[in-house]
Structures are given as C-alpha cells and as structure tokens.
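**Q** Taken in sequence, the protein lines are chains R and P.
If you're matching positions, the first sequence starts at 1 in UniProt numbering and goes up one per residue.
If you're matching positions, the second sequence starts at 1 in UniProt numbering and goes up one per residue.
Here a beta-carbon is modelled for each residue, glycine too, at the ideal position from N, C-alpha and C.
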Amino acid sequence: MFLRFVAAAAIAAFTMPALAADQVEKAPPTGSYKKVSELVKLPDFLPGLGQLYVDPKTLPAGPFLAYDRDGRLVSTVYMLPIEDLANKDKRFDNLAAPGGKVDHVDVYYNAGHPGVEKPHAHVVLWHVSKTDEARVAAK
Amino acid sequence: MMLSRRHILGIGGVLLASPLYGRAAAQGASPQIEIRMQGNADGSQVWFDPIGIRIRPGQTIRWINLDPGNAHTSTAYHPQNDAHSLRIPERAAPWNSDYLLPQESFSVTFTLEGIYDYFCLPHEHAGMVGRIVVGQPSGPPAKGVASPAQPGTEPIPEAAVRAFPSVDEIMQRGIVRRT
C-alpha cells in the first residue's frame, strides 16, 4: 500500500506541468521559496541532496528545490510523512513540479530532521543523470 | 571549528559548567565521556553511540553531532521538554541541547544517582533515544517505557520503546552499543 501511494505521487509529479512561472534553474529561486537552512536549523548543504529551498506554505510535502554547489538545480524533492501515507483519508494532490525534465526518480525512507520531525519518504525527481548526482555528494 | 555548550545537571538545578568542568579535568578525576550522534548517508537511520552507558556521579557526558547531513538534540525525558514523560530522577533538572549542527557538542555533568532517559527531538519517532545509568540506582525509571503515558504527557513512540537498552544490560556491560 505504501509503495502504491509513493508511486502515485511520483507519477503525478512526473506528468504535471509546471504551475508557476518562477525562475528555479539557478539558486536562489524566485517567488516564495526560502532557503531551508534559514527556516530551520539544518546544515546549509545536505550531502546527497544539496542546498534546499522551499515555499514554507507547502510544508511538509514541498516541493523542495535542491541545488548543487554552483547553484544549479539538480532535483525536486517531496517529503511525505509515513503516517500520512498509511492514512487512507490523506492525499497529496497537485504537488507543484517546477523543475522541468526529470531524468529518474528515487524514493527512500528518511528518519526525520528539523522541519519534518517524523519519519517520512523522500521522493526525489532528479533533473540530472545518475552520474551527475555526484554534484551533491559529500565532499 | 568545534562549538560547544555546557550544562551541569544536579540536585540544585542547572549551573554553568565551565568552572567545575575545568577543575575536574585539571584533577583528572572525572574524564569526559563522549556519546556520538550519528546517521547514515541517506538519513534513513540515526542513533546515539553508545545508546546505553553507566557512569559515576560527577562524570560529564558530551554529546557531539557527527552526522554531516542532519541536526540532532540531546533532550531529557521530562514534562518541561515538549510534554514528555518524566524519565529522569525527580530531583534532577532536565536538559535540552537544542539543535546541534554537525560538529557541535553539548555537555551535561551528572551528580545525582539514577536512571536518565533522553531522546533526539526530530528523531524520537525513529527510535533515536538513549539511557544513562549514574552510580547505583535504587530502581528503574518510575514506569517502564511501555507503560501508558503519564497524565498530560506524550506517549513514547513505539520505535523508541523498542530501542531502549535494559538497565540490567547497562549495569552488566557498562557500555551498550546499537546492534
């Protein structure tokens, strides 16, 4: 059941056209996005994800926009609490997907962090190739 | 850069730790003990290492965040900390490190014998908890971790209940690491 929910969320995000006209290719994105490390106490650059921006109104799901050390967009991330995914009455509809072309998708469990303090799933829409994921790897 | 906040926990409440810690270190009487806050690369697992430890009264525990991709806290189970149940000696003062970024640390000196349970604020639901036994405690925490929540307090998440090492194991081994 959990995997069905996650797959549905990923497919929806894949196929949905960008809803906003914000500039998101380079950090910082325009519009209502704020740097996550300025909203909550987290490292500015998260190994494996990069530098994150989010519109606080969309928490906890996001989208979070993730940038490499040169400020180039690498992925769009959704953070979906496990307890919500297991709740038949809870849905995540119409999540924005402003990042453009998706190369591949990763879905994995995360134990939590400031801002999303309960276990949740990271749904990562990579806008770069698998090889280029190294742009946000730990140094 | 190593950042540090210090804190003394004892019968009379909370005091700044630097003078006492400096004196103890100079005398070599009570070496500081380190508990590491850790996580794996994708953030799917987080833990305290060791998860259980036995110390003498007067010894200092220093928590350090060695997880490059996350922030952690050391927070005592106490009603003053986000309405959690009381799981430290009644006369002991609670502590809360607040969020520690990578390489930041926080220290507490324990002067009162007993059993002290603590958790990480953003990771309690993922089972990131720890237990410290100071001296020869007269008994376990007032209630078992699986007991119903004390009135007005939050229940302990199932993952945290499962993670606590037993007092007996800590007493026998001195140090208990996550398996």
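Ordered along the chain, which non-local residues of its own chain (more than five positions away) have a Cβ less than 7 Å from that of P:Pro50?
**A** Numbered from its first residue, the second sequence carries residue 50 of chain P at position 50. Counting only Cβ-Cβ distances below 7 Å, and skipping sequence neighbours, we find Ile35, Ile175, Val176, Arg177.
**Q** What residues in its chain sit with their C-beta under 6 Å from that of P:Ala163, if we drop five residues either side in the sequence?
**A** As a first step, residue 163 of chain P is located in the second sequence; it is residue number 163 there, counting from the start. Hits under 6 Å: Gly127, Val129.
**Q** When the Cα atoms are used, what is the spatial distance from R:Ala86 to P:Gln45?
**A** Locating residue 86 of chain R in the first sequence gives position 86, counting from the first residue. Locating residue 45 of chain P in the second sequence gives position 45, counting from the first residue. Answer to the nearest angstrom: the Cα atoms are 20 Å apart.
**Q** Please report the distance separating the alpha-carbon of R:Ala111 from that of R:Leu42.
**A** Taking the first residue of the first sequence as 1, we reach residue 111 of chain R at position 111. Taking the first residue of the first sequence as 1, we reach residue 42 of chain R at position 42. Cα to Cα, the separation comes out at about 14 Å.
**Q** Which of the three DSSP states is assigned to P:Glu104 in this structure?
**A** Within the second sequence, numbered from 1, the residue matching residue 104 of chain P stands at position 104. Three-state result, P:Glu104: strand.
**Q** Under 8 Å between C-beta atoms, does R:Asn87 make it to chain P?
**A** As a working note, residue 87 of chain R is residue 87 in the first sequence. With 8 Å as the cut-off, R:Asn87 does not count as an interface residue toward chain P.
**Q** State yes or no: is the C-beta of P:Thr60 within less than 8 Å of the C-beta of P:Thr111?
**A** Reading the second sequence from its first residue, position 60 is the one you call residue 60 of chain P. Reading the second sequence from its first residue, position 111 is the one you call residue 111 of chain P. In this structure, P:Thr111 does not lie closer than 8 Å to P:Thr60 by Cβ.
**Q** Taking the Cβ atom as the reference point for each residue, do P:Leu88 and P:Ile55 lie within a distance shorter than 8 Å?
**A** Mapped onto the second sequence, residue 88 of chain P falls at position 88. Mapped onto the second sequence, residue 55 of chain P falls at position 55. Here residue 88 of chain P is Ile; the residue named in the question, Leu, does not match the sequence. For P:Ile88 and P:Ile55, no; Cβs fall outside 8 Å.
**Q** Closest to P:Met171 by C-alpha separation, out of P:Gln80, P:Thr75, P:Val133, would be which residue?
**A** Position 171 of the second sequence holds residue 171 of chain P. The candidate whose alpha carbon is nearest that of P:Met171 is P:Val133.
**Q** Just reading off the alpha helix (DSSP H) that R:Arg135 is part of, what are its end residues?
**A** Taking the first residue of the first sequence as 1, we reach residue 135 of chain R at position 135. Run containing R:Arg135: none; DSSP gives neither H nor E here.
**Q** Just verifying my parser: in three-state terms, what is the DSSP assignment at P:Tyr21?
**A** By 1-based counting over the second sequence, the position of residue 21 of chain P is 21. For P:Tyr21, the predicted structure reports a pLDDT of 33, less than 50, and the residue's modelled location is therefore unreliable. A value from the coordinates is still provided. Residue state, collapsed to three classes: helix.
**Q** Can you name, in chain order, every residue of its own chain whose Cβ lies under 7 Å from the Cβ of R:Leu49, other than the five neighbours on each side?
**A** Residue 49 of chain R sits at position 49 when you count from the first residue of the first sequence. Cβ within range, chain order: Ala66, Val77, Val136.
**Q** Examine chain R for any beta-carbon lying closer than 8 Å to the beta-carbon of P:Ser105, and answer yes or no.
**A** Taking the first residue of the second sequence as 1, we reach residue 105 of chain P at position 105. Chain R, which has no Cβ nearer than 8 Å to the Cβ of P:Ser105, makes this no.
**Q** Identify every residue that forms a DSSP beta bridge with P:Gly52.
**A** As a position in the second sequence, residue 52 of chain P is number 52, starting the count at 1. In DSSP, P:Gly52 forms a bridge with P:Arg131, P:Val176.
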